[in-house]
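Enquirer: Quick one: the structure is below, and I'll ask about it shortly.
In the working numbering, the protein residues as written are 81 to 171.
In structure tokens form, the structure reads like this:
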């Protein structure tokens, strides 16, 4: 499970007081999720490069969102002709 935004900010703040190895040990002592110092150093490099601790967007097909209107339209179409396949309905 990925780290929360607050945990990533805390990791960056810990590196200001020493090495990434020491910061990782401190983080691991206070948090249930264990990290390695190389994970911390990569997060610091990314923070210095982008100025942000949020995750970058991933490659691949973007997730689609459905609004209420589209959902209602699909349900109404399915109710009118329940035997049609979904591929046939989308055409």
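Cβ atoms here follow ideal geometry from the backbone N, Cα and C, with glycine treated the same way.
Are the segment 83-102 and the segment 111-130 touching, with three or more C-beta to C-beta distances below 8 Å?
Expert: yes
Enquirer: For the segment 97-110 and the segment 144-158, state whether three or more C-beta atom pairs, one from each stretch, are separated by less than 8 Å.
Expert: no
Enquirer: Going by CA-CA distance only, name the one from 90, 156, 161 and 133 that's closest to residue 110.
Expert: Start at 1 with the first residue of the chain shown, and residue 110 comes out as number 30. Ranking 90, 156, 161 and 133 by Cα distance to residue 110 puts 90 first.
Enquirer: Would you kindly check if the distance between the Cβ of residue 133 and the Cβ of residue 88 is under 9 Å?
Expert: As a first step, residue 88 is located in the chain shown; it is residue number 8 there, counting from the start. As a first step, residue 133 is located in the chain shown; it is residue number 53 there, counting from the start. Against a cut-off of 9 Å, the Cβ pair of residue 133 and residue 88 comes out as a contact.
Enquirer: In angstroms, rounded to a whole number, what distance separates the CA positions of residue 156 and residue 163?
Expert: As a first step, residue 156 must be located in the chain shown, where it is residue number 76. As a first step, residue 163 must be located in the chain shown, where it is residue number 83. Answer to the nearest angstrom: the Cα atoms are 13 Å apart.
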